[in-house]
Amino acid sequence: MKTIWKYRSVYLMMLPVFAYFLLFSYYPFVRGFIISFQNYRLIGNRPFVGLENYRTVLGDSSFWEAVVNTVIIGGGTLIIGFIMPIVLALSLNEVLQTWFKKLTQTIVYIPHLFSWVVVGGIWIMILSPDTGIVNMILKALGAEQPVNFMSQPGTARWVMILSAVWKDMGYYCILYLAAIVSINPSLYEAARIDGANRWHLARFVTIPQLYNTMKVVMMLNVLSVLRIFDQIVVMRNGAIAKQVDVIMYYTYAKGIQEFKLGIAAASSFVLIFMTLALVFAVRAIIRYDEG
Amino acid sequence: MRPKSKAIVSTVLAAVLLGSLLAGCSGGGGGGQAAGGSGAPSNQPAQSSEQPKAAGKKEERTLRIMAGVIGGKTPEENALFEQEVERLTGIKVKWEKPASDYDQKLLAAVGAGEKFDLLQISKEKMNLFIEQGILTPLTDKVQNSSILSDPNVIPTAEWDQLKTKDGQIYGVFTKYQGGTMPIVRADWLRKLGLKEPVTLDDYYTVLKAFKEQDPDENDKDDTYGLTTAGMYEVQGFFSAAGLKQRYVEIDGKLDVPYSTDAAIPIYQWLNRLYEEGILDPNFATNDTGKMRNLFLSDRVGMITYWDAWVGMLNNTRKQQDPNTTFEAKGLPGAADPNGNHMLRRGDPDVWVIPVNAEHPETAWEFIEWWHTKDGIYLGSLGIKDHDWIENNGTIELTQVGQEHNMDHGVPFWYNKNVPNPFGLLPGVQEAQELLAKYSSLELTPTDRWSEAEKIINDYSFKAIMGQMPAADAVRKMREELIAKKLIDQ
Numbered sequence: 647m648k649t650i651w652k653y654r655s656v657y658l659m660m661l662p663v664f665a666y667f668l669l670f671s672y673y674p675f676v677r678g679f680i681i682s683f684q685n686y687r688l689i690g691n692r693p694f695v696g697l698e699n700y701r702t703v704l705g706d707s708s709f710w711e712a713v714v715n716t717v718i719i720g721g722g723t724l725i726i727g728f729i730m731p732i733v734l735a736l737s738l739n740e741v742l743q744t745w746f747k748k749l750t751q752t753i754v755y756i757p758h759l760f761s762w763v764v765v766g767g768i769w770i771m772i773l774s775p776d777t778g779i780v781n782m783i784l785k786a787l788g789a790e791q792p793v794n795f796m797s798q799p800g801t802a803r804w805v806m807i808l809s810a811v812w813k814d815m816g817y818y819c820i821l822y823l824a825a826i827v828s829i830n831p832s833l834y835e836a837a838r839i840d841g842a843n844r845w846h847l848a849r850f851v852t853i854p855q856l857y858n859t860m861k862v863v864m865m866l867n868v869l870s871v872l873r874i875f876d877q878i879v880v881m882r883n884g885a886i887a888k889q890v891d892v893i894m895y896y897t898y899a900k901g902i903q904e905f906k907l908g909i910a911a912a913s914s915f916v917l918i919f920m921t922l923a924l925v926f927a928v929r930a931i932i933r934y935d936e937g
Numbered sequence: 050m051r052p053k054s055k056a057i058v059s060t061v062l063a064a065v066l067l068g069s070l071l072a073g074c075s076g077g078g079g080g081g082q083a084a085g086g087s088g089a090p091s092n093q094p095a096q097s098s099e100q101p102k103a104a105g106k107k108e109e110r111t112l113r114i115m116a117g118v119i120g121g122k123t124p125e126e127n128a129l130f131e132q133e134v135e136r137l138t139g140i141k142v143k144w145e146k147p148a149s150d151y152d153q154k155l156l157a158a159v160g161a162g163e164k165f166d167l168l169q170i171s172k173e174k175m176n177l178f179i180e181q182g183i184l185t186p187l188t189d190k191v192q193n194s195s196i197l198s199d200p201n202v203i204p205t206a207e208w209d210q211l212k213t214k215d216g217q218i219y220g221v222f223t224k225y226q227g228g229t230m231p232i233v234r235a236d237w238l239r240k241l242g243l244k245e246p247v248t249l250d251d252y253y254t255v256l257k258a259f260k261e262q263d264p265d266e267n268d269k270d271d272t273y274g275l276t277t278a279g280m281y282e283v284q285g286f287f288s289a290a291g292l293k294q295r296y297v298e299i300d301g302k303l304d305v306p307y308s309t310d311a312a313i314p315i316y317q318w319l320n321r322l323y324e325e326g327i328l329d330p331n332f333a334t335n336d337t338g339k340m341r342n343l344f345l346s347d348r349v350g351m352i353t354y355w356d357a358w359v360g361m362l363n364n365t366r367k368q369q370d371p372n373t374t375f376e377a378k379g380l381p382g383a384a385d386p387n388g389n390h391m392l393r394r395g396d397p398d399v400w401v402i403p404v405n406a407e408h409p410e411t412a413w414e415f416i417e418w419w420h421t422k423d424g425i426y427l428g429s430l431g432i433k434d435h436d437w438i439e440n441n442g443t444i445e446l447t448q449v450g451q452e453h454n455m456d457h458g459v460p461f462w463y464n465k466n467v468p469n470p471f472g473l474l475p476g477v478q479e480a481q482e483l484l485a486k487y488s489s490l491e492l493t494p495t496d497r498w499s500e501a502e503k504i505i506n507d508y509s510f511k512a513i514m515g516q517m518p519a520a521d522a523v524r525k526m527r528e529e530l531i532a533k534k535l536i537d538q
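Residue numbers (my numbering), protein chains in the order written: chain W, 647 to 937; chain X, 50 to 538.
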């Protein structure tokens, strides 16, 4: 208490932010948790039904299909989306012309700024079987038939994974580049003296120094990987819905389309528990708390 | 933090969480009844949180309305809309028309306890709300209404669309809802010397000609015979097998006609169109906007869409080029072996009165007025002296009115006593006659439909795009629907 009084002005400055989170994050969180135990109606009484909503969700085969899709698409985005920014950052680090380096950084960062409505529309156009540039290239390379990337079950998940990686790898690349800049140059000097070539410098100096940044990036990705929604809403269609509908879309369908808010709330909390479990597991595996 | 302070803070947080959990036991309106499984609909009607007004006390003539498609096109025009309602009825109205995400906003507003006197919703939502017991029954009011029970205002048979299984009515039509059909470029038919198709073979011939014979005369191989927005509204082709879209109920059992063997030839026909490049390969990813744009930009000769859009498509091209030869025309769908056609009527939109409405009598007065000439003109032509003017007894559209296409949520209406002062847009009369002759109603989706639709679409696309033989796709579709108890065997 003495400490709080000592820094009271700082705590006072924190109050508006605290109030914001209380009002727009924690209160809805608690209300949602309550709704997940109710037979929720728009008007009138909302009787307590215990774990019935959770039983309904966990007994619904559509939910488990959504879980499988979420794990595959989210897992693929996590793994490839973890590796690609590192490769990009290491590659850009080797570029000597500053103007080209900065230009590339800007270009790869731009997709992160766009909403999924724009990015999804762009990729649907690019992958179009008749006018899309990808199929035009394939045709020029000798492909007999165009590939309908957005309507084939075999390619749908890859499209989701790779477009998500493409959208965000510029952002994480910037984080890695910032970390690379802060690496002590004397480490590189010492390595060169010991006969290290450029690959050895990257492998034995740069990458180990990026471990802490990698941990942060991994945790950021893990927190959001199960919550993909915008991308799916924009890019899904009837032909690939079974392969790409994720848990958040299931929640949206139950809550907004079918007005079954109790079930939607239960499904969203199942997702929260899954994310919590995943975060704790990943945290332990990567030894996040160790320096 | 000291261990003691930590313990105090932890205890307080735990108490808050526990309190929140216990608050869940009390429900939303006091009284902690356990109503059984969450899947079972609540049969107890919601109680209004306010006591009914004492008998004899006159209700204030004011309304709070939420509507998705009815109202002004802009917030400014919406304010004029409110004023116009007050001018014509004496009812003071607060008209809320969200610019987007209507369902979400409706859900958030009503669920948060906001009280509305009138809501405009789809029949599907009405069924959900009836299940939740949150709508005021209107059966007696409808039967006793001299306006709404007049068959010239609303045909008696139309009410069957809105009745529940026990014959109750909870909503009143906001407009006449038409139906969907194949829409063809009639000018291309004439140019290529083709007759209007009747059978599926005729359709194939016509669509192939659209693809191969350069009907837009631009010397480019850039036209398709047919495009759709996924499986949206392709029932006009399943008409060749006499199959309805969505669910049908036979002897109390739900079935999906598209999952029966009769659908196999139709899927094979669609697959043939796809394999030969006659069907736009983007049909699976198209939305309805893209489909319309392809039709308007001479990229495709046939789409499947609403009767009202026959007129709007013609009108749009006419406005761009008064000398255009463009002509969209509705077709009755493919004939079955007996020469019968089958088209589908769309689900209607309705006005409903929530149980917690503060002015239910005024709301009812508004609903009845909505089906009179003044209400119809407001919902269609728009606001007097803004969208239209009366000049020596003749009604003329203003520039704004022309841009609004005579549609403020009511492009068509039932009331035969109120003729359209401008007639219908080109092609709509014929399209509506086809619907009157060949269309039938469908079952409105139940809560099982969204899951069933996903399965149907999945296998339909596989069959059409040749990823699976049509027979296998139909068989697997049916197996999965039965396994998940989405149809009754």
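Heads up, the beta-carbon is just placed ideally off N, CA and C, and yes, glycines get one too.
Please classify residue i: is it buried, with 16 or more other beta-carbons within 10 angstroms of its beta-carbon, or exposed?
i              : result
H420 (chain X) : buried
W498 (chain X) : buried
R849 (chain W) : exposed
M796 (chain W) : buried
G515 (chain X) : exposed
P246 (chain X) : buried
W651 (chain W) : exposed
M340 (chain X) : buried
Rounding to the nearest angstrom, what Cα-Cα distance links residue i and residue j in this structure?
i              : j              : result
G442 (chain X) : P470 (chain X) : 11 Å
Y895 (chain W) : T493 (chain X) : 23 Å
R234 (chain X) : T223 (chain X) : 31 Å
T495 (chain X) : V763 (chain W) : 30 Å
I140 (chain X) : K422 (chain X) : 17 Å
K102 (chain X) : L112 (chain X) : Bear in mind that a pLDDT of 40 at K102 (chain X), under 50, signals an unreliable position, so the number given afterwards is only what the model happens to contain. For K102 (chain X) and L112 (chain X), the distance between alpha carbons rounds to 16 Å.
D199 (chain X) : T185 (chain X) : 22 Å
D329 (chain X) : I531 (chain X) : 32 Å
A927 (chain W) : V359 (chain X) : 58 Å
I183 (chain X) : M864 (chain W) : 47 Å
L167 (chain X) : D436 (chain X) : 25 Å
G78 (chain X)  : E163 (chain X) : Residue confidence for G78 (chain X) is low, a pLDDT of 38 falling below 50, so the modelled location carries little weight; the figure read from the coordinates is stated next. Cα to Cα, the separation comes out at about 14 Å.
A290 (chain X) : L362 (chain X) : 29 Å
N691 (chain W) : V191 (chain X) : 28 Å
Y700 (chain W) : G121 (chain X) : 43 Å
S346 (chain X) : D356 (chain X) : 19 Å
E439 (chain X) : F510 (chain X) : 52 Å
May I ask you to list the residues that DSSP assigns as paired with residue i?
i              : result
R849 (chain W) : Paired residue(s): none; R849 (chain W) is not in a bridge.
If you check the beta carbons only, do residue i and residue j fall under 8 Å apart?
i              : j              : result
I47 (chain X)  : D304 (chain X) : Nothing about residue 47 (chain X) can be read from this structure; chain X reaches only from 50 to 538.
V720 (chain W) : L872 (chain W) : Here residue 720 (chain W) is Gly; the residue named in the question, Val, does not match the sequence. Yes, the pair counts as a contact, with Cβ atoms nearer than the cut-off.
M230 (chain X) : G379 (chain X) : yes
T716 (chain W) : V868 (chain W) : no
I170 (chain X) : V399 (chain X) : yes
I689 (chain W) : P147 (chain X) : no
R21 (chain X)  : L484 (chain X) : The structure shown does not extend to residue 21 (chain X), since chain X is modelled only from 50 through 538, so no value can be given for it.
N685 (chain W) : V676 (chain W) : no
L241 (chain X) : P264 (chain X) : yes
With residue i as the anchor, note down where its beta strand (DSSP E) starts and where it stops.
i              : result
S171 (chain X) : L167 to S171
D304 (chain X) : K302 to D304
G220 (chain X) : G220 to F222
K378 (chain X) : A377 to G379
M730 (chain W) : Careful: M730 (chain W) lies outside any beta strand (DSSP E), inside the alpha helix (DSSP H) at S707 to N739.
Going by DSSP, what residue range makes up the alpha helix (DSSP H) through residue i?
i              : result
D549 (chain X) : Residue 549 (chain X) falls outside the range modelled here, since chain X spans only 50 to 538, and no answer is possible.
N843 (chain W) : Taken as a continuous stretch (DSSP letters only), N843 (chain W) belongs to no alpha helix (DSSP H), as it is neither H nor E.
T337 (chain X) : T337 to L345
R929 (chain W) : L907 to I931
D356 (chain X) : D356 to Q369
R136 (chain X) : P124 to T138
D250 (chain X) : L249 to E261
D507 (chain X) : W498 to I513
With a threshold of 7 Å (Cβ to nearest heavy atom), would residue i be considered close to the ligand NAP?
i              : result
L866 (chain W) : This structure simply doesn't include the ligand NAP, nor any ligand for that matter.
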